[in-house]
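Down below is the structure, laid out as structure tokens.
In my numbering, the protein residues as written are 59 to 606.
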């Protein structure tokens with residue numbers, strides 16, 4: 059057994075921007091590893107991770123002003139390390155001020171929303187300072203680029219969000235771009251210090267990913283080796299190191315995260331892994347049968363099915379608060395595992411580890427970065443917020459540093475069936491948080507039938523993979539209706555479908571009236587307990603994707 063190779067990494071320091079996580083995702087999309095860390099993380103702390111080969115740093119945006127007394131700063135050792143640094147928005151201002159420049163309120167030159175930068179032609183003569191814009195084109199139709207000083211000037215649409223500006227450059231820096239209202243929209247120096255007043259990480263900056271790619275490859279000299287094959291090899295080695303000869307149990311939920319976690323662990327340690335599928339009674343239609351067929355019959359992974367339906371229903375009786383539902387389900391789920399682990403240990407020997415499909419966003423959302431005061435805990439996550447303190451099993455979380463899109467890529471590389479790879483996210487608490495109010499078996503059956511119809515119609519329409527999530531919600535509202543010659547008084551069901559790139563924000567999906575009509579018609583005709591259907595047209599924010 060050998061130690062994993064050192065991994066090239068770009069470290070993103072989080073100063074509280076709503077886009078901080080997005081920066082990390084954009085870097086990963088370029089097949090370069092990146093981690094998001096609190097702004098007060100020191101270089102010494104980072105260098106203690108012997109698996110990281112740090113190639114550069116990015117300072118994120120944030121809501122503070124660098125001239126405030128309590129404004130977050132950075133470890134001076136980072137700026138003395140000789141490694142490239144890219145500052146974005148607040149990060150650019152922090153970089154400039156830390157190196158001897160000056161930042162002041164914009165005084166009428168504030169920029170929020172879309173803007174156009176002009177990349178200065180004369181700046182291209184300084185090739186070392188200018189690498190961030192090399193090869194960037196205004197559009198696919200444009201043939202001129204800025205690889206040479208003779209190239210024509212370049213205008214790029216970008217996204218701005220700042221009320222302060224750099225009004226004095228540090229020594230050795232030059233202005234690389236400006237806007238009509240801001241003479242300093244991008245700065246650079248031959249030492250690899252770069253500042254961008256705009257946000258290259260958002261989709262509203264169309265060439266933003268190319269700019270980030272320039273920082274990674276032209277400035278930092280990274281190699282694009284963060285690939286599914288590399289991730290799998292490294293994860294397998296780390297699992298073997300952590301687990302050794304011990305036994306592991308892994309909960310299969312029916313979703314892609316737990317499925318990929320199970321496949322990775324099984325690849326690493328084989329039949330030391332036993333998967334446990336808990337039928338909570340809160341599952342989608344046919345989910346239990348699909349799990350048994352895929353993992354037990356086709357992938358030949360040791361699988362135990364636990365029927366805990368009544369156990370969960372008893373714990374949820376008369377519970378209406380959504381956060382209480384989450385906590386109850388999370389803790390009960392772990393207790394079921396502990397009970398099953400005892401039974402397995404009696405047959406197979408000691409069980410030491412519990413595997414979970416925790417993802418990087420789960421970890422970020424459940425952790426408050428004190429120095430990035432805007433990054434607060436949003437809600438408890440069933441994987442990391444509901445663990446009972448007395449839990450006796452150690453955790454193995456092979457996906458905890460991965461984003462959802464990376465997990466899907468790895469699942470496909472491991473041979474997971476396509477319908478599993480692209481399955482919409484399903485909340486850990488299951489249908490319990492898609493029933494508004496108390497949960498019982500009758501209401502679960504109604505929602506299960508409704509959800510099946512919604513998904514079937516969306517799949518028939520060929521738009522399932524275009525949507526981030528789609529599902530039905532059973533509301534506590536009943537309304538009067540007419541079926542034939544008879545009065546009905548039955549449930550109102552809401553249909554929710556959203557489009558999203560990262561689940562941090564989401565827009566309601568513009569489903570066609572014809573599709574909505576088919577869904578509604580089937581719901582009221584095939585599910586006797588439903589007589590009214592509404593469609594949720596609320597974006598996130600202000601709403602969340604799930605109703606609870």
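Where is the CB? At the ideal position from N, CA and C, for every residue including glycine.
- First and last residue of the uninterrupted beta strand (DSSP E) at residue 365: Residue 365: member of the beta strand (DSSP E) spanning 361-365, first to last residue.
- Neighbourhood of residue 65 by C-beta distance below 8 Å, restricted to the same chain and skipping five residues each side: Counting only Cβ-Cβ distances below 8 Å, and skipping sequence neighbours, we find 91, 109, 110, 111, 284, 292.
- Item | residue 262 versus residue 219: straight-line alpha-carbon distance, rounded | Rounded to the nearest angstrom, the two C-alpha atoms are 12 Å apart.
- Report back the beta-carbon spacing between residue 552 and residue 594 to the nearest angstrom; my notes put them in contact at under 8 Å. Their Cβ separation, rounded to whole angstroms, is 5 Å, which keeps residue 552 and residue 594 in contact under 8 Å.
- Message: For the beta strand (DSSP E) containing residue 220, name the first residue and the last one.
- Response: Segment 212-220, the beta strand (DSSP E) holding residue 220.
- Apply the 10 Å Cβ neighbour rule to residue 265 and answer buried if 16 or more other Cβ atoms are within range, or exposed otherwise. By the neighbour-count rule (16 or more Cβ atoms within 10 Å), residue 265 is buried.
- Could you tell me whether the stretch 146-166 touches the stretch 224-231, using the rule of 3 or more Cβ pairs below 8 Å? Taking 8 Å as the limit for Cβ pairs, the verdict is that the stretch 224-231 does touch the stretch 146-166.
- Element boundaries [alpha helix (DSSP H), containing residue 529]: Taken as a continuous stretch (DSSP letters only), residue 529 belongs to no alpha helix (DSSP H), being part of the beta strand (DSSP E) at 527-541.
- residue 119 beta carbon less than 7 Å from that of residue 146: For residue 146 and residue 119, yes; Cβs fall inside 7 Å.
- Task: Would you list the residues sitting across from residue 272 in a DSSP beta bridge?
- Result: In the DSSP output, where bridge partners are listed per residue, residue 272 has none listed.
- Going by DSSP, what residues sit across from residue 169 in a beta bridge? Note: residue 169 sits in a beta bridge opposite 220.
- From residue 388 to residue 490, what does the alpha carbon distance come to, in whole angstroms? Our two residues, residue 388 and residue 490, have alpha carbons roughly 12 Å apart in a direct line.
- Residue range of the unbroken beta strand (DSSP E) whose run includes residue 570: Membership of residue 570 in any beta strand (DSSP E) is not indicated, and neither H nor E is assigned to it by DSSP.
- Item | Nearest-angstrom Cα separation, counted from residue 582 out to residue 545 | Distance between the alpha carbons of residue 545 and residue 582: 14 Å.
- Just to confirm, are residue 398 and residue 350 a CB contact at a threshold of 7 Å? No, these two residues do not count as a Cβ contact at 7 Å.
- What residue does the alpha helix (DSSP H) around residue 327 start on, and which one ends it? It spans 314-327 - the alpha helix (DSSP H) in which residue 327 sits, taken as one unbroken run.
- Query: What residues match up with residue 306 in a beta bridge as DSSP calls it?
  - Reply: Looking at the DSSP output, residue 306 sits in a beta bridge with 331, 411.
- Task: Leaving aside the five residues before and after residue 196 along the sequence, list all residues of the same chain whose C-beta is less than 7 Å from its C-beta, in chain order.
- Result: Annotation for residue 196: 212, 213, 214 place their beta carbon closer than 7 Å to its own, counting only its chain and skipping 5 residues before and after.
- Answer yes or no: do residue 411 and residue 306 have a C-beta to C-beta separation smaller than 7 Å? Cβ distance < 7 Å, so residue 411 and residue 306 count as in contact.
- Rounded separation between residue 517 and residue 127 - CA only: Roughly 55 Å between the two C-alpha positions.
- Sequence-distant residues of the same chain with beta carbon closer than 7 Å to residue 300, five excluded per side: Annotation for residue 300: 454 place their beta carbon closer than 7 Å to its own, counting only its chain and skipping 5 residues before and after.
- Item | As assigned by DSSP and simplified to three states, the class of residue 87 | Residue state, collapsed to three classes: helix.
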